[in-house]
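Here the structure comes first, spelled out in structure tokens, and everything after it is commentary.
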Ligand code: H2B
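Okay, structure coming up:
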């Protein structure tokens, strides 16, 4: 099972991402993605969904039109693991 990152490792990993913030009161990270329209948002979600299945690691997300509000955490570990950082990096990359 993926291991929870230490406080230091988590901070270091977060510094490699842009626009992600720690969720208050819960060990998770969050970013709100904005796209040109629903088609672009949902296309991105579809590509991430394929990756999520491959990784067996799934985002918590909420979509309204062109926005996707994403929270990442590893439920099995009760916090942030490398899986969340890898997923966040892929989300950023796929969105650019
Ligand atoms: N996704 C996330 N974000 N955290 C998990 O702990 C997790 C998951 N566990 N996707 C996986 C599925 C697990 O429930 C299945 C049984 O492999």
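In my numbering, the protein residues as written are -1 to 94.
Beta carbons are placed, not taken as given, at the ideal position from N, Cα and C, and that holds for glycine.
What you are looking at is a predicted structure, and each value in this text was computed from that prediction instead of being measured.
query: Taking 8 Å as the cut-off, decide whether the C-beta atoms of residue 86 and residue 27 are in contact.; result: yes
query: Do residue 69 and residue 21 have their beta-carbon atoms positioned less than 8 Å apart in this structure?; result: yes
query: Scan the stretch 21 to 84 and note each continuous alpha helix (DSSP H) run of 4 residues or more that stays entirely inside, going in chain order.; result: 36 to 53
query: Candidates 63, 81, 62, 64: which alpha carbon is nearest residue 71's?; result: 81
query: Relative to the C-alpha of residue 91, which candidate in 49, 79, 37, 78 has its C-alpha closest?; result: 49
query: Closer than 8 Å is the cut-off here; do at least three beta carbon pairs connect the stretch 57 to 65 with the stretch 36 to 46?; result: yes
query: Can you list the residues near the ligand H2B, meaning Cβ strictly closer than 5 Å to any non-hydrogen atom, in the order they appear in the chain?; result: 54, 55, 56, 72, 73, 74
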